[in-house]
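Reading through the structure tokens given below for one structure.
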Amino acid sequence: MTELTYVERAARVKLMIFDVDGVLTDGSLHYGADGEALKTFNVHDGLGIKLLQESGVQTAIISARISAQVSRRAADLGIVHLHQGGHDKLTPFNALLEKTGLTAEQVGFIGDDVVDLPILTRVGFAVAVPNGRAEVLERAHHITVAHGGRGAVREVCELLLHAQGTYPRVMAQFLV
0 MTELTYVERA ARVKLMIFDV DGVLTDGSLH YGADGEALKT FNVHDGLGIK LLQESGVQTA
60 IISARISAQV SRRAADLGIV HLHQGGHDKL TPFNALLEKT GLTAEQVGFI GDDVVDLPIL
120 TRVGFAVAVP NGRAEVLERA HHITVAHGGR GAVREVCELL LHAQGTYPRV MAQFLV
């Protein structure tokens, strides 16, 4: 059997999972005066996630760090599948598969660091950002042009929309 192209893999995705630090953000942590770690999210990435949801693809976040800002961002974007805390990302991934009834082949994941590998090596569509760790880049089906926190998520969302043929439908509301 021939290996699937990354576009063929993207066409099968029914659930896209996002890492946070280094993917939804650029990986920088800024500390406020009270010691709270602050994160910066890209508004274009957020709209990409909303468009992906509108197309029928479910979205999720699995992050090793716990952050009130991530909870807020997930709520703002309507991401109901959210798991934060712990370097064991495989357990929440497996729970998510059980909850949604999907197979790993129907799931996409975008990550950047070695803690992402247990999920990245199991999903049907594995994506990395170009500044990700070498071990992640070697195992990805696709590497974005844009860096994490700088449009990589929007790029992946639009790739999925094009691969699934839903881009014209979700964009029609804007292209009047």
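Terminal number for the sequence shown in numbering that gives the first Met the number 0: 175, no gaps in between.
Backbone N, C-alpha and C fix where the C-beta goes; we use that ideal spot for every residue, glycine too.
Please read all numbers here as calculations on a predicted model, not as lab measurements.
- Judged by beta-carbon spacing, valine 135 lies within the 9 Å limit of glycine 110, meaning their Cβ atoms are closer than that value.
- As for any alpha helix (DSSP H) of minimum length 4 sitting wholly inside the segment 19 to 94, the runs are 42 to 53 and 67 to 76, ordered along the chain.
- The beta carbon of cysteine 156 lies closer than 7 Å to those of Gly47, Ile48, Leu50 and Leu51 in the same chain, with the five residues before and after it left out.
- Per DSSP, the continuous beta strand (DSSP E) segment holding valine 126 begins and ends at 124 to 127.
- At the C-beta level, histidine 146 and valine 126 stay beyond 9 Å of one another.
- A contact between stretches requires three or more CB pairs, one per stretch, nearer than 8 Å, and the segment 153 to 168 meets this requirement with the segment 9 to 27.
- In this chain, the alpha helix (DSSP H) harbouring leucine 136 covers 133 to 138.
- In the three-state reduction of the DSSP assignment, leucine 174 falls in the coil class, being assigned neither a helical nor a strand state.
- When beta bridges are read from the DSSP output, valine 6 appears opposite no residue.
- As the crow flies, the alpha-carbon of proline 91 is around 7 Å from that of isoleucine 61.
- A residue is called buried once 16 or more other Cβ atoms fall within 10 Å of its Cβ, and glycine 77, having fewer, is exposed.
- Per DSSP, valine 114 has no beta-bridge partner at all.
- The residue from Ala171, Asn130 and Glu137 with its alpha-carbon nearest to that of aspartate 20 is Asn130.
- DSSP, reduced to helix, strand and coil, places histidine 141 within a strand of the structure shown.
- C-alpha of glycine 107 to C-alpha of glycine 55: approximately 14 Å in a straight line.
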